[in-house]
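Taking this note's numbering, I'd label the letters of the sequence shown as residues 188 to 618.
Idealized CB from N, CA, C, for every residue including glycine.
Predicted model only: the values in this text are computed from it and were never measured.
Notes follow once the structure below has been shown.
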Amino acid sequence: MTDSTTDDRSLHVIVVGAGAAGISAARSLQDAGCRVTILEARDRIGGRVQTAYDLAPHPVELGAEYIHGANVVTWDMVRQFNLTTVPDATKDDFHIYFDDRIHSGDDKLRIPSFHLVDTYEDIAIDWVEQGHPDASVHDVVVKWAELNNAVLSPGLQRLVNNLVSVREGGDWTRLGVRGMFEQNENTGGNFRIKEGYTALLEQAAADLDVTLNTPVRSISWSPEGVQIHSTAGRTFTADRAVITLPLGVLQAQDVRFTPSLPPGKEAAVNGLDAGHVDKIAMRFRERFWPQDMAGVLTTLSSQLWWRPGWGRDDEAPTLMAIIGGDAALHFESLGDGAVPEALDHLSAMFGEDARRHFETGRFISWGTDRWSKTGYSYELVNGAGLREQLSQPIDDVLFFAGEATHVTHPGTVHGAIESGTRAADEILDSH
Ligand SMILES: Cc1cc2nc3c(=O)[nH]c(=O)nc-3n(C[C@H](O)[C@H](O)[C@H](O)COP(=O)(O)OP(=O)(O)OC[C@H]3O[C@@H](n4cnc5c(N)ncnc54)[C@H](O)[C@@H]3O)c2cc1C
C-alpha cells in the first residue's frame, strides 16, 4: 500500500490495536510520512471507547464516558473535528445511598467521617510525601482514622472503596498509594462528547489503513523487523510495530512473542493489575429519581450510578451503573442475572417505581471481554515504576503504547492518546 505522502522507501509500521492509543500512534506516524497498517481484532475501531446509539435518543457511552479535565489533549481533537461537549455535574449534585436511604445536600455531611470520600487521596499523598513505605489506600486511611479518632463504619468503608474501585479499577485494599501518587490530578471537571466518544475516534481514524476482524496470534521480531501472524493464518511484515494490546490481553498471553519478551517487560506486565470495570446501562419509561440528582454513590455492589444524558435537552430516562474491582467480578459471575440484580438495587434505593418503569438493560463486561480483559490498569502496593518499564521499546523494533503505559494519566482516553504519540515519536527518533 502506498499513498500520496509515502513511497516505497518509507518506514512501514504495523500498529496492533485500533483503540485510542493505536489510532493516535498511527495518525502521528502517517502524518510523518510512514506507511502504517493497523490490525484490529474486533469488527470496529475504538476498543474501550464504544458509544451506543440505540439505547436512547442521545448517545450512551458503554466504555469511556468523560473527557477528564479541561486541558487534556483530547480537546485538540474535539476542536479539530468540530465536536461539542456538555459539562458533567459537580460532586455536590451526586447523592449518597448510605444506611438504607438517600442523602443529598447538607444531609450528606451528617454521615460520620463523610469527608473521607473527598479526602482519601490527600491522605494518601501526605503518606507518600512523608516518606512512608508503600501501602494500600485502605491501610493508610485506616491508620489516619486511628490517629485522628475518625469513625470508620463498615458503611463508610464501603462508600470510599466503591469510589476508589470505580476510579482506579481495583479495591482500596489492593491499590498502592505510591502508584496513585504517580498520577496527575484531573483539573477542570468532566465533559461528555455530545456526538459520542466513538465519533471522535472515527474522525481521527478516517484516512488510516485499518484491517478489522484480524486478531493477532503471534509476533516474531528481530532487529531487522517484525512478522505478525493473524489467527486466520495471514502474515504481515513491517520494519517496526507498535503494540497497544490491553494489559489484560498481555497478561493472558493471548499473543505469543518470539523471542519472548525480556524479563523486565514480563515483570511489568505481570506486576500491574488489569482492573475489572464494568457498566450496566438501564432505560426506563419515566424518570423516578429526583430531578436534581446527577448520580448516586452507594454502599451497594452496584457502586456508582449516573445519568448518561445529564445536562442535555434531549435527556432520556436512562441510568448507568459503573462498577469496579471485586464488585465487578461479582456482577460478571451473575451473567444474565446482572441486570436483574442492578434493578433490585434501584428498587431498594428508589422504591418499586424502578421496576414499574423498567424497559431494558445491558451489562457491558469489559473485564471478561475477549479483546480487553480489563477495564483499566492499576498499580498494586509496590507497583510504582512499572508503567514506565512497560512502556520501554525493545530493540528499537517493538514499541509499546496503551493506557497502562502512561505514568501520569493511566486508565484514561487522553493517556492512551498521549501514549500513542509517545510511541510514534520513539519510532521516528529511532529511524
Ligand atoms: C467502563 C469504562 C469506563 C471508562 N471511563 C473513562 C472515562 O470516563 N474517561 C476516560 O478518559 N477513560 C475512561 N476509560 C478508560 C479508557 O476507555 C481507556 O483508558 C482507553 O480507551 C484505552 O485505550 P487503549 O488504546 O489503550 O486500549 P483499547 O481501547 O483497549 O485498544 C486496544 C485494542 O486492541 C485490540 N486487540 C486486543 N487483542 C487483540 C489482538 N489479539 N489482535 C488485534 N487487536 C487486538 C482491542 O480490540 C482494542 O481495540 C474507561 C474504561 C472503561 C472500561
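Coil, strand or helix - Y307 by DSSP: In the structure shown, the three-state DSSP call for Y307 is helix.
Classification of Q267 by the beta-carbon crowding that lies within 10 angstroms, buried from 16 upward: A residue is called buried once 16 or more other Cβ atoms fall within 10 Å of its Cβ, and Q267, having fewer, is exposed.
Residues near T592 in its chain [Cβ-Cβ closer than 7 Å; skip 5 each side]: Here the set comprises R574, L577, S578 and S606.
Cβ neighbour criterion (16 or more within 10 Å) applied to Y284: Y284 comes out buried.
Same chain, Cβ closer than 6 Å to D426, neighbours up to 5 away in sequence not counted: Around D426: L198, H199 and G412.
Straight-line gap, A337 to W331 (C-alpha atoms, nearest Å): Approximately 8 Å between the Cα atoms of the pair.
Helix, strand or coil at A603 [DSSP, three-state]: In the three-state scheme derived from DSSP, where H, G and I count as helix and E and B as strand, A603 is classed as helix.
Contacting residues, own chain, Cβ-Cβ under 7 Å from V568 (five flanking each side not counted): Hits under 7 Å: D321, A322, S323 and G363.
Buried versus exposed, by CB contacts within 10 Å (16 or more), K278: Counting C-beta atoms within 10 angstroms of its own C-beta, K278 has fewer than 16 neighbours from the protein chains shown and is therefore classed as exposed.
Cut-off 7 Å between Cβ atoms - residues of its own chain near T547, not counting five sequence neighbours on either side: If the five residues before and after T547 are omitted, its C-beta is found closer than 7 Å to the C-beta atoms of R470, all from its own chain and listed in chain order.
heavy atom of ligand 1 below 7 Å from G134 C-beta: Nothing in the structure corresponds to residue 134, since the chain is present only between 188 and 618.
Closest by C-alpha distance to G511, when choosing among T485, R494, R499 and D523: Looking at the Cα atoms, T485 is the closest of the given residues.
Counted within 10 angstroms of its Cβ, other Cβ atoms place H463 as buried (16 or more) or exposed: Answer is buried; the Cβ neighbour count reaches 16.
Collapsed DSSP secondary structure at T486 in the structure displayed: Looking at T486 - three-state DSSP - the assignment turns out to be coil, as it is neither helix nor strand.
A239 versus I551: straight-line alpha-carbon distance, rounded: One C-alpha to the other measures close to 11 Å.
Close beta carbons around A219, own chain, < 6 Å, minus the five adjacent residues each side: Excluding its 5 nearest sequence neighbours in each direction, A219 has C-beta neighbours in its own chain below 6 Å: L615, listed in chain order.
Cα-Cα separation, S191 to V259: Note that S191 has pLDDT 39, beneath the 50 cutoff, so the model's placement of it is unreliable and no number is given.
Own chain, CB closer than 6 Å to P580, minus 5 neighbours either side, in chain order: Counting only Cβ-Cβ distances below 6 Å, and skipping sequence neighbours, we find F586 and E613.
For Q237, the nearest candidate out of C221, S409 and A207 (CA to CA): Minimum Cα distance to Q237 is reached at A207.
Endpoints, the beta strand (DSSP E) within which F301 is located: Looking at the DSSP string, F301 is not in any beta strand (DSSP E), and its letter there is neither H nor E.
Cβ separation of V328 and L491, assumed to be a contact under 8 Å, to the nearest whole Å: In this structure, V328 and L491 do not form a Cβ contact; the two beta carbons are roughly 18 Å apart against a cut-off of 8 Å.
When H325, I467, A428 and S564 are compared against D523, the one with the closest alpha-carbon: Looking from the CA of D523, the closest CA among H325, I467, A428 and S564 belongs to I467.
DSSP state of V442 mapped onto helix, strand, coil: Residue state, collapsed to three classes: coil.
Beta-bridge partners of K466, as assigned by DSSP: Secondary-structure assignment with DSSP links K466 through a beta bridge to I509 and I551.
Three or more C-beta pairs below 8 Å linking the stretch 218-235 and the stretch 491-510: No: fewer than three Cβ pairs fall under 8 Å.
Per DSSP, cross-strand counterpart(s) of P274: Bridge partners of P274: F378.
Identity of the residue in A525, E308 and I430 nearest N371 by Cα: For the residues A525, E308 and I430, the minimum Cα distance to N371 belongs to E308.
C-alpha gap between P244 and R443, whole angstroms: Between P244 and R443, the C-alpha separation is close to 43 Å.
Every unbroken alpha helix (DSSP H) within the stretch 310-354, with a cutoff of 4 residues, ordered by chain: DSSP runs (the alpha helix (DSSP H)) wholly in the stretch 310-354: 324-334.
Cutoff 7 Å; reference N457; Cβ partners in own chain excluding five residues on either side: Excluding residues within five positions, the ones whose Cβ falls inside 7 Å are Q438.
Proximity test, G602 beta-carbon vs ligand 1 heavy atom, cut-off 7 Å: Taking non-hydrogen atoms of ligand 1 into account, the C-beta of G602 is found less than 7 Å away from one of them.
Short Cβ contact (8 Å threshold) for I210 with T224: Judged by beta-carbon spacing, T224 lies beyond the 8 Å limit of I210, meaning their Cβ atoms are not closer than that value.
Top-ranked residue by Cα proximity to V436, from E566, D326, G498 and K560: Of the candidates E566, D326, G498 and K560, the one whose C-alpha sits nearest the C-alpha of V436 is K560.
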